[in-house]
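Participant: If you scroll down you'll find the structure; I have some questions about it.
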Amino acid sequence: MLNVIGHKNIFLTVSALLVGAAVLLVIVFGFRQGIDFSGGALWQFSVSGQKPSLNDLENIFKNDLGISEIHVAYDSANSSFLARLPILGEADHQKHLQILKEKLPSFEEMSFQSIGPSVGRELRNNALIALGLVLVGISFYIAFAFRKVYRPVSSWKYGVITLITLFHDVAVPAGMLALLGHYGRIEIDGNFIVALLVIMGFSVHDTIVVFDRIRENLFLDRGKTDFETLINQSVNQTMARSINTSLTLILVLLAIYFVGPAGLHYFVLTLLVGVSTGIYSSIFVASPLLVLQRKVRF
């Protein structure tokens with residue numbers, strides 16, 4: 011039997027270091043926001059035959075179209091280019107389209123979307139509201155579900171500890187994306203919010219499995235066993251299930267990452283990091299915090 015509670019200080023210290031590093035990365039680097047949140051235009055196109063380099067395409071946008079803020083990336087999944095540029099009206103879009111067709115005879119437009127800054131701010135605010143509502147809803151649900159816990163932890167504390175583990179599980183992938191955004195020009199968009207919501211769902215699921223076993227054992231034991239010993243037994247009883255369930259999801263995500271379209275790579279990578287962190291937190295963070303709260307009485 012793994013003595014999780016006996017080594018709780020080590021596990022909690024590792025978690026604190028991970029979360030601290032992630033929060034520091036977000037504070038220092040911030041996020042490179044996609045057009046969903048910051049506004050701008052996204053232009054996808056293909057060039058058949060001899061493909062120009064990314065620098066050549068960016069120079070065409072700068073010198074021939076007069077667009078100074080431009081970033082072009084290549085999507086190998088469908089052999090297309092993706093240009094990120096400032097907001098562009100339809101008249102300018104059509105004018106630039108004609109120029110590009112003259113400069114690149116094999117130029118073919120695949121898609122074009124332009125989002126104003128006000129729409130981007132609204133989407134960003136709605137995303138933050140959605141995340142906040144999910145957190146509040148989860149905490150109330152946990153507190154309600156564990157209202158009949160026999161002893162010695164109040165039901166609302168289960169909700170608070172669940173929120174702490176949720177923050178732990180979303181902070182680590184958020185820090186990773188802040189780092190990738192700074193050094194790899196990776197942008198966050200609506201998919202990032204979806205990924206965080208999915209991570210929250212799996213995180214709270216794993217945590218509830220452990221907490222439910224603790225609740226059941228507390229009820230059956232009726233105070234005969236030491237609290238820390240009972241918590242450790244409960245964690246070990248659910249450990250295999252938690253790991254096997256999460257590993258199944260990780261295998262699916264790995265398949266999508268290596269075989270799926272390139273546009274989903276960072277979405278899937280965010281899920282992989284979040285789910286992996288969730289495995290750790292449900293076993294080595296949530297239950298030790300239950301024991302720790304008895305000593306600090308929060």
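Positions 11 to 308 (the numbering used here) are the ones given, in order, by the sequence shown.
Glycine included, each C-beta is placed from N, C-alpha and C at the ideal position.
Thinking Pro183 and Phe237 are a contact (beta carbons under 8 Å), I'd like their distance in whole angstroms, please.
Facilitator: Translated into positions along the sequence shown, residue 183 becomes position 173. Translated into positions along the sequence shown, residue 237 becomes position 227. Contact flag wrong, Cβ pair sits at about 33 Å.
Participant: Using a Cβ-Cβ cutoff of less than 6 Å, which residues in the same chain neighbour Leu98 once the five nearest sequence positions on both sides are dropped?
Facilitator: Residue numbering aside, residue 98 sits at position 88 when the sequence shown is read from its first letter. Once the five neighbours on either side are set aside, the close Cβ partners of Leu98 are Ala51, Ser124.
Participant: Can you give me the C-alpha to C-alpha distance between Val82 and Val38, rounded to a whole angstrom?
Facilitator: The residue labelled residue 82 in the question sits at position 72 within the sequence shown. The residue labelled residue 38 in the question sits at position 28 within the sequence shown. Distance between the alpha carbons of Val82 and Val38 is about 26 Å.
Participant: Which word fits Val285, buried or exposed, when buried means at least 16 other C-beta atoms lie within 10 angstroms of its C-beta?
Facilitator: Here residue 285 refers to the residue found at position 275 of the sequence shown. By the 10 Å Cβ count, Val285 comes out buried.
Participant: With 16 as the cutoff for other CB atoms within 10 Å, does Val245 come out buried or exposed?
Facilitator: Working through the sequence shown from its first residue, we reach residue 245 at position 235. Answer is buried; the Cβ neighbour count reaches 16.
Participant: Is the region 263-271 in contact with the region 187-200, if contact means three or more CB pairs nearer than 8 Å?
Facilitator: no
Participant: Where in the region 118-188 do unbroken runs of the alpha helix (DSSP H), each at least 4 residues long, occur, reported from the N-terminal end onward?
Facilitator: 127-155
Participant: At the level of alpha carbons, what is the spacing between Gly200 and Arg232?
Facilitator: The residue you call residue 200 lines up with position 190 of the sequence shown. The residue you call residue 232 lines up with position 222 of the sequence shown. In a straight line, the C-alpha of Gly200 is about 48 Å away from that of Arg232.
Participant: Looking at the secondary structure, which residues open and close the alpha helix (DSSP H) in which Ser252 lies?
Facilitator: Residue numbering aside, residue 252 sits at position 242 when the sequence shown is read from its first letter. Its alpha helix (DSSP H) spans residues 237-269.
Participant: Just how far apart, CA to CA, sit Ile293 and Thr23?
Facilitator: In the sequence shown, the residue the question calls residue 293 occupies position 283. In the sequence shown, the residue the question calls residue 23 occupies position 13. Roughly 14 Å separates the two Cα atoms.
Participant: Kindly indicate the opening and closing residues of the alpha helix (DSSP H) around Ser25.
Facilitator: Against the sequence shown, residue 25 aligns to sequence position 15. Per DSSP, Ser25 belongs to the alpha helix (DSSP H) from 18-39.
Participant: Roughly how far, in whole angstroms, is the beta-carbon of Leu240 from the beta-carbon of Leu228, given that I think they are within contact range, below 8 Å?
Facilitator: Position 230 of the sequence shown, counted from the first residue, corresponds to residue 240. Position 218 of the sequence shown, counted from the first residue, corresponds to residue 228. At roughly 7 Å, the Cβ-Cβ gap stays under 8 Å, so Leu240 and Leu228 are in contact.
Participant: Output the boundary residues of the alpha helix (DSSP H) element that contains Ser56.
Facilitator: Locating residue 56 in the sequence shown gives position 46, counting from the first residue. That residue, Ser56, is in no alpha helix (DSSP H); its beta strand (DSSP E) goes 50-57.
Participant: Note the first and the last residue of the continuous beta strand (DSSP E) segment covering Ala205.
Facilitator: Within the sequence shown, numbered from 1, the residue matching residue 205 stands at position 195. Element bounds for Ala205: not the beta strand (DSSP E) but the alpha helix (DSSP H), 200-231.
Participant: Excluding sequence positions up to five away, which residues of its chain have a Cβ less than 6 Å from the Cβ of Asn309?
Facilitator: For residue 309 there is no data in the structure shown, the boundaries of the chain being 11 and 308.
Participant: For Met11, count the other beta carbons within 10 Å of its own beta carbon; 16 or more makes it buried, fewer makes it exposed. Which is it?
Facilitator: Residue mapping note: residue 11 aligns to position 1 of the sequence shown, counting from 1. Looking at its Cβ environment, which holds fewer than 16 other Cβ atoms inside 10 Å, Met11 is exposed.
Participant: Would you verify that the beta carbon of Thr258 is, or is not, closer than 8 Å to some beta carbon of chain C?
Facilitator: Absent from the structure is chain C; it holds one protein chain and no more.
Participant: Please report how far the alpha carbon of Gly126 lies from the alpha carbon of Tyr168, in whole angstroms.
Facilitator: As a first step, residue 126 must be located in the sequence shown, where it is residue number 116. As a first step, residue 168 must be located in the sequence shown, where it is residue number 158. Roughly 42 Å between the two C-alpha positions.
Participant: Comparing C-alpha positions only, which one of Asp85, Phe91, Ser48, Ile45 sits nearest to Leu67?
Facilitator: In the sequence shown, residue 67 corresponds to position 57, counting from 1. The shortest Cα separation from Leu67 among Asp85, Phe91, Ser48, Ile45 belongs to Phe91.
Participant: Cutting at 6 Å between CB atoms, please list the residues of its own chain near Lys111, excluding the five before and the five after it.
Facilitator: In the sequence shown, counting from the first residue as 1, residue 111 sits at position 101. Closer than 6 Å at Cβ, skipping near neighbours: Phe117.
Participant: Spatial neighbours of Leu281 within its chain, please: CB distance less than 7 Å, with the 5 preceding and 5 following residues excluded, ordered by chain position.
Facilitator: For the purposes of this step, residue 281 is taken as residue 271 along the sequence shown, with counting starting at 1. Ala205, Val208, Ile209, Leu263, listed in sequence order.
Participant: Would you mind sorting Val295 into buried or exposed? The rule is 16 or more other CB atoms within 10 Å of its CB.
Facilitator: As a first step, residue 295 is located in the sequence shown; it is residue number 285 there, counting from the start. Counting the other Cβ atoms within 10 Å of the Cβ of Val295 gives 16 or more, which makes it buried.
Participant: So if DSSP puts Val82 in a beta bridge, which residue, or which two residues, is it bridged to?
Facilitator: Translated into positions along the sequence shown, residue 82 becomes position 72. Per DSSP, Ala93.
Participant: Please report the straight-line C-alpha distance between Ser121 and Asp102, rounded to a whole angstrom.
Facilitator: As a working mapping, residue 121 is identified with position 111 in the sequence shown. As a working mapping, residue 102 is identified with position 92 in the sequence shown. Their Cα atoms are separated by approximately 15 Å.
Participant: Would you report the Cα separation of His178 and Lys234, rounded to the nearest angstrom?
Facilitator: By 1-based counting over the sequence shown, the position of residue 178 is 168. By 1-based counting over the sequence shown, the position of residue 234 is 224. Distance between the alpha carbons of His178 and Lys234 is about 33 Å.
Participant: Which of the three DSSP states, helix, strand or coil, is assigned to Arg42?
Facilitator: Taking the sequence shown and counting its residues from 1, one reaches residue 42 at position 32. Reduced to three states, the DSSP call for Arg42 is strand.
Participant: Is it right to say Arg225 is buried, meaning 16 or more other beta carbons lie within 10 angstroms of its own, or is it exposed?
Facilitator: The count along the sequence shown starts at 1 and reaches residue 225 at position 215. It counts as buried.
Participant: Select from Met186, Ser78, Ile77, Ala93 the residue whose C-alpha is nearest the C-alpha of Tyr84.
Facilitator: Counting from 1 along the sequence shown, the entry for residue 84 is found at position 74. Among Met186, Ser78, Ile77, Ala93, the Cα nearest to that of Tyr84 is on Ala93.
Participant: Cα separation between Arg134 and Asp74?
Facilitator: One-based indexing of the sequence shown puts residue 134 at position 124. One-based indexing of the sequence shown puts residue 74 at position 64. Approximately 33 Å between the Cα atoms of the pair.
Participant: Pro298: buried (16+ other C-beta within 10 angstroms of its C-beta) or exposed?
Facilitator: For the purposes of this step, residue 298 is taken as the residue at position 288 of the sequence shown. Pro298 should be labelled buried.
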